[in-house]
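Numbering (the numbering used here), first residue to last: 2 to 161.
Laid out in structure tokens, this is it:
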């Protein structure tokens with residue numbers, strides 16, 4: 002496989018991942034998502050933009066007449082370019098592990114759902130109740146009601 006074929010293959014894989022992430026939030030199956038879902042979509046692809054960087058992304062993918070919806074057609078080329086350029090990549094495993102261990106004051110190796118909710122409410126960007134429910138449901142194991150952060154970090158930074 003030559004360089005051109007490798008780039009095409011990588012681009013197709015990135016497009017596939019971006020489409021899959023977008024479709025999770027496309028509740029009406031009409032190739033459009035609420036603009037408030039762009040942050041979770043971008044973050045699910047391993048990118049960690051700041052709020053102002055996220056607003057820049059949203060402004061890039063909005064139609065000329067801004068609405069509350071973003072189409073897949075506008076989102077896909079911008080997101081693939083971001084992924085190809087490696088912009089907003091998340092921290093490495095070790096850096097994330099240190100951060101979680103700092104939050105895990107009892108050195109349990111996990112955070113409970115209540116601990117995670119409290120941390121999300123008190124620090125960083127402000128989340129509404131619905132966003133908190135979505136985040137905790139995505140991170141928390143339903144049987145144990147906790148986040149095994151080593152497994153979560155591995156899942157977040159994996160390429161699969």
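Positions of the beta carbon are idealized from the N, C-alpha and C atoms, including for glycine.
Assuming residue 114 contacts residue 156 under a Cβ cut-off of 8 angstroms, what Cβ separation, rounded to an integer in Å, is found between them?
Incorrect: roughly 17 angstroms between the Cβ atoms, too far for contact.
Below 6 angstroms CB to CB, which residues in the same chain sit around residue 122 once its five sequence neighbours on both sides are set aside?
Only residues of its own chain outside the window of five on either side were considered, and among them none has a CB closer than 6 angstroms to the CB of residue 122.
Residue 84 and residue 101 - do their beta-carbons sit closer together than 9 angstroms?
No. Outside cutoff.
Determine the closest residue to residue 158 out of 104, 62, 105, 93, with distance taken between C-alpha atoms.
93
How about the region 71 to 83 and the region 16 to 24: do they share at least three Cβ pairs that are nearer than 8 angstroms?
yes
With DSSP as the reference, please indicate the residues paired to residue 70 in a beta bridge.
Here residue 70 is bridged, per DSSP, to 35.
Let me know the secondary structure DSSP gives residue 142 once reduced to three states.
Residue 142 sits in a strand when the DSSP states are folded into three classes.
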